[in-house]
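With the first letter of the sequence shown counted as 1, position 179 gets the number 182 in the numbering used here; the numbers rise by one all the way through.
A virtual CB, placed ideally from N, CA and C, is assigned to each residue, including glycine.
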Amino acid sequence: MYDYIVIGAGSAGCVLASRLSERADTNVLLMEAGPPDRKREIHIPAAFSKLFKTEVDWDFSTEPQEHLNGRRLYWPRGKTLGGSSSINAMIYMRGARADYDAWRDLGNAGWAFDDVLPLFKAAENQERGASAEHGIGGRLNVADLRSVNPLTDAFLNACEAAGLAKNSDFNGAAQEGAGLYQVTQKRGARVSAADAYLKPALRRGNLTVWTQVHATRLMIEEGRAAGVEFFMKKPPGLQQVRATREVIVCAGAIGSPQLLLLSGIGPRKELEALGIPVAADLEGVGGNLQDHLNIGQSYHSTKPVSLSNAESLPNLLNYILRRTGPLTSNIAEAGAFTKSRADLADCDLQLHFAPVYFVEHGLKNPPGHGFSLGALLLTPKSTGRIYLRSADPAEAPAIDPAYLSNEQDVAPLAEGLKLVWKLLESKAFDAFRGDAVFGKEDPSSFIRAYAETLYHPVGTCRMGQDASSVVNAKLEVHGMPGLRVADASVMPKIVRGNTNAPVMMIAEKAARMILEP
Ligand SMILES: Cc1cc2nc3c(=O)[nH]c(=O)nc-3n(C[C@H](O)[C@H](O)[C@H](O)COP(=O)(O)OP(=O)(O)OC[C@H]3O[C@@H](n4cnc5c(N)ncnc54)[C@H](O)[C@@H]3O)c2cc1C
4 MYDYIVIGAG
14 SAGCVLASRL
24 SERADTNVLL
34 MEAGPPDRKR
44 EIHIPAAFSK
54 LFKTEVDWDF
64 STEPQEHLNG
74 RRLYWPRGKT
84 LGGSSSINAM
94 IYMRGARADY
104 DAWRDLGNAG
114 WAFDDVLPLF
124 KAAENQERGA
134 SAEHGIGGRL
144 NVADLRSVNP
154 LTDAFLNACE
164 AAGLAKNSDF
174 NGAAQEGAGL
184 YQVTQKRGAR
194 VSAADAYLKP
204 ALRRGNLTVW
214 TQVHATRLMI
224 EEGRAAGVEF
234 FMKKPPGLQQ
244 VRATREVIVC
254 AGAIGSPQLL
264 LLSGIGPRKE
274 LEALGIPVAA
284 DLEGVGGNLQ
294 DHLNIGQSYH
304 STKPVSLSNA
314 ESLPNLLNYI
324 LRRTGPLTSN
334 IAEAGAFTKS
344 RADLADCDLQ
354 LHFAPVYFVE
364 HGLKNPPGHG
374 FSLGALLLTP
384 KSTGRIYLRS
394 ADPAEAPAID
404 PAYLSNEQDV
414 APLAEGLKLV
424 WKLLESKAFD
434 AFRGDAVFGK
444 EDPSSFIRAY
454 AETLYHPVGT
464 CRMGQDASSV
474 VNAKLEVHGM
484 PGLRVADASV
494 MPKIVRGNTN
504 APVMMIAEKA
514 ARMILEP
């Protein structure tokens, strides 16, 4: 029996379990399906793509995507302490002011940018120091890269020559422009949500953490969430644990709607078809799935300078002794925010440059040296959904992001691709550029053939007040007392940027709303 049960020790769950257990009079259980975060590749930044398709990755695939030549896309998601923040590219990004103001305008009081900026700042330890936009002394260390690859310098020169303004802080006064990314690292090592929030809290007697424990169903008694049924490997079998105050679902944009649906919280028709008794008829659960679709190109490099040899013995020694060198790279070292059309008020394209091949998530990199640049659409209009294939909690849900199902998403992404080509073909890369990995086609066919996720699914337990929303502005599930959702799934609209820091902010706010109602 615990006061609070937090399901999922990812970006949000680690923040919540830590904050809730700061109150000595509360008893908190954090339950995680994956193992502890012991793998070395979690902590050495440049190694993160080696975690793909291992035991710390859920290794999801989408349904065949009609507008991407029927391809099924691979979706990595973290399955360990820290969740996806233990396998991500560590870019520290908040998104644009307009994103949060839009959340407020959709009826979510307290979520405008001016409301959430203090939470971002309180969570942050900005190594550059405090400022109007940045905080120090928070749990999440935000650092500049310790080692910048010469190919990344070439990318920044290409941007300058193309007329993109320099931006030394994408989380500062304005997003637009090109520059190096800041990263969630400390002394050259990853800082996941588990590193930042959970580990410092582990010695508290009122916080219990269970790993390799898979929540299979919420226990609903007399119309309220009373606890969690879970599957444990050792001893194998189903067991139950009760919450006296609240259950908080932090299982991510895929896991959270899946668990709600398995518990009978979702669209009545869908649940009845699978023989799941309906506890709350909420049509929006699993809907409103949004993601950032990325289109990239890689080139062979004529000089052996890329991150392909990051693991050489000298680099390894340099990392161990000084915590510098290529192993500290987050791979996506630099990028840019720009507009596909001059008349837009805010940026709708984001670029990520990697001084290494990044072919099919790095899983199909050719041997040798290369570099990659991708453009993603920050403001997709296409929305998809997550739904159950069966009532079996062990079966992955169906994931249909319906990429490019809204035709209006194609033109801006094509502009992004043209910019990618222009930059990669520009003079700044002449000293490095070999052959392109993918042959050029017309932009829309190229996108349909090669676009992939940039790992930011959100929105599947949408916050709002209308009939198809799932949680209210306090993140309480409509019609189900004792239950909240707090993670990427509550975003009403995807933010213009990478999603880790926004999710941690959501959890910071959730903790405050729970403790100070
Ligand atoms: C490869 C990759 C690169 C990325 N790069 C960046 C980046 O550079 N910068 C950035 O800002 N964002 C990045 N992101 C996105 C960012 O990491 C995620 O948006 C964020 O971590 C999501 O947080 P979450 O708490 O919603 O979910 P998660 O962090 O995924 O946490 C969910 C947790 O719940 C657990 N869980 C799920 N179901 C159950 C269950 N039934 N029972 C028990 N536990 C369960 C999972 O194992 C997981 O630990 C990246 C993501 C990936 C995958």
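By the C-beta criterion, the segment 36-51 is judged to be in contact with the segment 177-197, since at least 3 inter-stretch pairs fall below 8 Å.
Taking non-hydrogen atoms of ligand 1 into account, the C-beta of W106 is found less than 8 Å away from none of them. Rounded to whole angstroms, the gap between the alpha carbons of F432 and I298 is 19 Å. Contiguous alpha helix (DSSP H) elements confined to the segment 88-129 occur at 100-108, 116-126, taking only those with 4 or more residues. Under the DSSP assignment, Q261 falls in the alpha helix (DSSP H) whose first and last residues are 255-265. Listed in chain order, the non-local C-beta contacts of E363 below 8 Å within the same chain comprise Y77, E455, local neighbours out to five positions each way being set aside. In the structure shown, M222 adopts extended strand secondary structure according to DSSP, grouped into three states. Note that the C-beta distance between A405 and L292 is below 9 Å. Restricted to the segment 388-451, the beta strand (DSSP E) segments that are unbroken, complete and at least 3 residues in length are 388-390, 401-403, 436-439, listed in chain order.
About 13 Å separates the beta carbons of K202 and N144, which is beyond the 8 Å limit, so they are not a contact pair. Here V480 is not near L210, since their CB atoms are 9 Å or more apart.
DSSP, reduced to helix, strand and coil, places I268 within a strand of the structure shown.
In the DSSP annotation of this structure, the continuous segment of the alpha helix (DSSP H) that includes H46 starts and ends at 43-46. Selection V18, C350, S89, R465 evaluated against A168 yields C350 as nearest (Cα-Cα). Under DSSP, I10 shares a beta bridge with M34, V252.
Ranked by Cα distance from Q215, the first of Y453, I10, V474 is I10. By the Cβ criterion, the segment 150-170 is not in contact with the segment 440-451, since fewer than three pairs of Cβ atoms, one from each stretch, lie closer than 8 Å.
Where T155 is concerned, the enclosing alpha helix (DSSP H) starts and stops at 153-164.
A heavy atom of ligand 1 is found nearer than 8 Å to the CB of K82. Of the heavy atoms belonging to ligand 1, none sits nearer than 8 Å to the Cβ of M508. Contact annotation: H295 and Y458 have beta-carbon atoms nearer than 9 Å.
Taking the C-beta atoms as reference points, S311 is found no nearer than 9 Å to G377. Nearest to N111 by alpha-carbon distance, out of V212, L205, G419, I509, is I509. Residue pairing from DSSP places Y302 in a beta bridge opposite F374, A439.
The segment 471-488 and the segment 79-94 do not touch, with fewer than three beta-carbon pairs separated by less than 8 Å. In the assembly as shown, E224 is an exposed residue. Its beta-carbon has fewer than 16 other beta-carbons within 10 Å. With respect to the C-alpha of I257, the residue from V461, G437, L19, P505 having the closest C-alpha is V461. Taking 8 Å as the upper bound for CB-CB distance, V244 and L32 are in contact here, some 6 Å apart.
A distance criterion of 8 Å places the beta-carbon of C253 in contact range of ligand 1, judged by its closest non-hydrogen atom. Boundaries around M507 are those of the alpha helix (DSSP H), 503-518, since no beta strand (DSSP E) includes it.
In terms of Cβ geometry, L263 and V281 do not form a close pair [threshold 9 Å]. Here G290 carries a coil assignment [DSSP, helix/strand/coil]. At least one heavy atom of ligand 1 sits closer than 8 Å to the Cβ of N333. Beta-carbon to beta-carbon, Q300 and A452 are separated by about 12 Å, too far to satisfy the 8 Å threshold. Relative to N152, the option among L324, N30, S375 whose CA is nearest is S375.
Here N501 is buried, its C-beta having at least 16 other C-beta atoms within 10 Å.
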